[in-house]
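Undergrad:
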Amino acid sequence: MPINVGSETMYAFNCLSFGVEDGLETLEFDNEDIERRFVFKSHLQGCTALYATESFKILCEKYGLEGLRFDEDLLDPF
Numbered sequence: 152m153p154i155n156v157g158s159e160t161m162y163a164f165n166c167l168s169f170g171v172e173d174g175l176e177t178l179e180f181d182n183e184d185i186e187r188r189f190v191f192k193s194h195l196q197g198c199t200a201l202y203a204t205e206s207f208k209i210l211c212e213k214y215g216l217e218g219l220r221f222d223e224d225l226l227d228p229f
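Per the numbering used here, the very first residue in the sequence shown carries number 152; after that it's consecutive.
1. Taking the continuous alpha helix (DSSP H) assigned at N182, which residues delimit it?
2. Could you check the C-alpha separation between M161 and F169 for me, to the nearest Å?
3. Can you list, in chain order, the residues of its chain with a C-beta nearer than 8 Å to that of F207? Leave out the 5 residues immediately preceding and following it.
4. Taking DSSP as the reference, what is the three-state secondary structure of F229?
5. With distances taken Cα to Cα, identify the nearest neighbour of L201 among P153, E223, G215, S158.
If you want it as structure tokens, here you go:
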């Protein structure tokens, strides 16, 4: 959804998709479950963060999408 902020156009995104977690010591997701998704949330993490598949990251790089930070440490909030 586009939002005009001053002279800039920004976008709001509300992720409604969840990935099935597969691990408790580290946060891992069931590959079969997330292969159909690009961006999703985790019930175990209280739905406070967004997670993305490698295929989504590749698409962002391919099309020059900016403004996203990809971090492989899934449990580090910073």
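Positions of the beta carbon are idealized from the N, C-alpha and C atoms, including for glycine.
TA: Looking at the coordinates:
1. 182 to 185
2. 24 Å
3. F189, V190
4. Because the pLDDT of F229 is 46, which lies under 50, any placement of that residue in the model is unreliable, and the number read from its coordinates should be weighed accordingly. Residue state, collapsed to three classes: coil.
5. E223
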